[in-house]
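A.B. asks: Submitted below is the structure of interest, expressed as structure tokens.
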Amino acid sequence: MKKDTHPTYYPEAKVTCACGNTFTAGSTVKEIKVEICGACHPFFTGKEKILDAAGRVEKFKAREAKKSATKKK
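Those letters in the sequence shown? Residues 8 to 80, per the numbering used here, in order.
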């Protein structure tokens, strides 16, 4: 095998989440910053973010009404 072709592997790389949670994982980078992790992801925490579906439907209906009003003229 050729020497110096593979990157350095860090078995204790520090992973830091935007929520403040830190843990270790194996990586070729010493420190990793992530936006979301298992401690704050809605799937793992059980907290769902409710979308305003009714507001979106009303906006869609308003756009369609505006389109049909311009076609009639």
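We put the CB at the ideal spot given by N, CA and C, even for glycine. Bear in mind the structure is a predicted one, so any value in this text is a computation, not a measurement.
Beta-carbon separation of T35 and T15 under 8 Å?
C.D. replies: yes
A.B. asks: Spatial neighbours of Y17 within its chain, please: CB distance less than 8 Å, with the 5 preceding and 5 following residues excluded, ordered by chain position.
C.D. replies: G33, S34, T35, V36 and K37
A.B. asks: List the DSSP bridge partners of V41.
C.D. replies: C24
A.B. asks: Could you give the DSSP three-state label for E55: helix, strand or coil?
C.D. replies: coil
A.B. asks: Let's see if you can read the secondary structure: which residues bound the beta strand (DSSP E) around A46?
C.D. replies: A46 -> no beta strand (DSSP E), and no H or E assigned at all.
A.B. asks: At what residues does the beta strand (DSSP E) containing T29 begin and finish?
C.D. replies: T29 to S34
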